[in-house]
Amino acid sequence: MLTRRPLHSHIFALLLCLGLPLSAYGEIYKDYQPTEQQVVMTVIAVEPNYLDDYLTQLKRTWVRAMAVQKDLGFVVDYAVWTSDSANTPNVWLTITYENMAAMQPSKARYDQVNAEIEARYGDEEEALDAIAKGYEEIRKMVDHQIINRVEFID
925 MLTRRPLHSH IFALLLCLGL PLSAYGEIYK DYQPTEQQVV MTVIAVEPNY LDDYLTQLKR
985 TWVRAMAVQK DLGFVVDYAV WTSDSANTPN VWLTITYENM AAMQPSKARY DQVNAEIEAR
1045 YGDEEEALDA IAKGYEEIRK MVDHQIINRV EFID
């Protein structure tokens, strides 16, 4: 009685006959390496016709807070990204940290950031709270990732 072999076993045999290397896989730290910097990316879907309002409000809240953290040396960089062609999601927020350790919470950093925000913008606290509460009506958080850039090794 003749038995049938699955198609994948025939393909495997063909590859062996052709001499194609099956062990030519990439290897971390030989072919590529992750950078130490970590990027926190938040993906947001802003309701249609509210993008301009959202970005203007974001400048008064999140961007100000990130500027304080960058000035204090707690973050390397931050950015707001948008897409003219995307329907949803349509806003990406990124925060770049020097490394994973820089992402760890610290009461001292928390207190320092809050004191600096109070010194710079304390007289606007009520207005800023109202803006932050209004976000939930015009946007939805879609995703939150911690990513890092890959460098390729020659």
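First residue of the sequence shown: 925, per the working numbering; consecutive thereafter. Beta carbons: idealized from backbone N, C-alpha and C, even for Gly.
Asked	Found
Taking its Cβ as the centre, do 16 or more other Cβ atoms sit within 10 Å of Val1074, making it buried, or is it exposed?	exposed
State whether the stretch 1048 to 1064 contacts the stretch 955 to 974, with contact taken as three or more CB pairs (one from each stretch) at a distance under 8 Å.	yes
Sort out for me which residues DSSP pairs Glu1075 with in a bridge.	Gln957
Buried or exposed: Tyr1021, going by 16 or more other Cβ atoms within 10 Å of its Cβ?	buried
Taking the continuous alpha helix (DSSP H) assigned at Val978, which residues delimit it?	A small fix is needed here, since residue 978 is Tyr in this sequence, not Val. Counting along the chain, the alpha helix (DSSP H) containing Tyr978 begins and ends at 975 to 984.
Kindly give me the distance between the Cβ atoms of Val963 and Ile1019, rounded to whole angstroms, as I take these residues to be in contact under 8 Å.	7 Å
Would you identify the three-state DSSP class for Leu1052, choosing helix, strand or coil?	helix
In this structure, does DSSP put Val1015 in helix, strand or coil?	strand
For Gln1036, does the three-state DSSP call read helix, strand or coil?	helix
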